[in-house]
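Note that the sequence shown ends on residue 224 in the UniProt record's numbering; no numbers are left out. Structure first, then comments.
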Amino acid sequence: MFKFYGAKHRLAALYPVPTRSVIIEPFAGAAGYAVHWRNAADRVILVEKDERVVELWQRLLAMPVDELLELPTPEAGERSSDLLVAFAAGRTTRDTPKTFTVTSRMAERFNPMRRRIAESLDECRHFELVHGDYRDAPNIEATWFIDPPYQPTGVGRPDRTRGGRYTHSNANIDYDELNGWTQSRRGQVIACDQEGADWLQWNGAIAAQDTSSRGYREVFWERC
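Below is the structure:
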């Protein structure tokens, strides 16, 4: 839907196709997988711990497309409190105070992001939102797309890793517990992380690029 740090909208088509009529994303963010497969599911459940991200989802799902397209285009240097503007530049809520200065990157990328949202918004009205921890997701028969903040790998500060930039970051996750929780889900399960993570026995991989065009490998585990 909207641009989001770590979102999977570019990679969603490379992951296994959903085989159930319900899709659940327990670390929703921008829900790139569910948005990509929005017309393949009768029901979509998004679980998100970050209150500001949940509020943005609620706002967009209630907003007519015409109203979205009529939002003022931000200008570099002005002050804004619209999280959607910050997300256009790949910011996270941890990086974004309630009121912030619009950067040139935000201003340049806002309209392309808005057009992309407008193209899919009406087809996402059936999405259900749960403001809570991943454990709050109902364990029902579904296609589970489990995309937590990346597990820290190697040396260095965890808050500077790919999974460390979120308000609710990899520092808040017990990956051993997440392993057991993931394997106890009912239905098709697709869980992903970056190469080097070891909390699951990965059985698939995807070549990817980050926002700086640096190559890396996504790994995933699928159980049908």
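Ideal Cβ placement from N, Cα and C applies to all residues, glycine included. This structure is a prediction, so every number in the text was calculated from the model and none was measured.
Nearest-angstrom beta carbon gap, Ala88 and Met106 [assumed within contact, 8 angstroms] = 5 angstroms
Exercise. Less than 8 angstroms separating the beta-carbons of Trp202 and Asn179?
Worked result: no
Worksheet entry | Span of the beta strand (DSSP E) around Leu200 | Leu200 -> no beta strand (DSSP E), and no H or E assigned at all.
Next on the checklist: Just to confirm before moving on: does the CB-CB distance between Thr143 and Val65 stay below 8 angstroms?
Outcome noted: no
- Supposed contact pair Gln58 and Leu129 - C-beta distance, whole angstroms, cut 8 angstroms: 6 angstroms
Please identify the residue among Ile190, Leu69, Trp181 and Phe220 whose C-alpha is closest to the C-alpha of Thr19.
Ile190
- request: Would you mind reading off the limits of the alpha helix (DSSP H) that contains Leu121?
  value: Leu121 -> no alpha helix (DSSP H), and no H or E assigned at all.
### Query
So, are the CB atoms of Gly219 and Ala205 less than 8 angstroms apart?
Sequence inspection shows Val at residue 219; the Gly mentioned does not correspond to that position. It is a contact, given that the beta carbons lie within the stated cut-off.
- Query: CB-CB under 6 angstroms to Arg223, same chain, minus the five flanking residues each way: which ones, in chain order?
  - Reply: Val189
Alpha carbon to alpha carbon, how far is Ala34 from Thr93?
21 angstroms
Q) Does DSSP put Phe2 in a helix, a strand or coil? A) coil
Which of helix, strand or coil does DSSP assign to Thr92? coil
Handout entry: Distance, Pro149 Cα to Arg160 Cα
Key = Annotation note: pLDDT 48 at Arg160 (below 50); position unreliable, coordinate value reported separately. One C-alpha to the other measures close to 12 angstroms.
**Message:** Tell me the rounded alpha-carbon separation between Leu60 and Ala86.
**Reply:** 15 angstroms
Report the rounded CA-to-CA distance for Lys3 versus Ser184, giving the unit in angstroms. 31 angstroms
Cβ-based neighbour list, Gly196, same chain, cut-off 6 angstroms, excluding 5 preceding and 5 following: Thr153
Q: Whole angstroms is fine: what's the gap from Leu83's alpha carbon to Pro16's?
A: 31 angstroms
Here's the rule I'm using: 16 or more other beta-carbon atoms within 10 Å means buried, otherwise exposed. How should His126 be labelled? exposed
For this session: Classify Phe27 as helix, strand or coil using the three-state DSSP reduction.
Result: coil
- Per-residue DSSP class, three states only, for Val189: strand
Checklist entry - So Arg52 is in the alpha helix (DSSP H); what residue range does that whole segment cover? => result Glu51 to Leu61
Could you tell me the alpha carbon to alpha carbon distance between Thr96 and Glu108, rounded to whole angstroms?
18 angstroms
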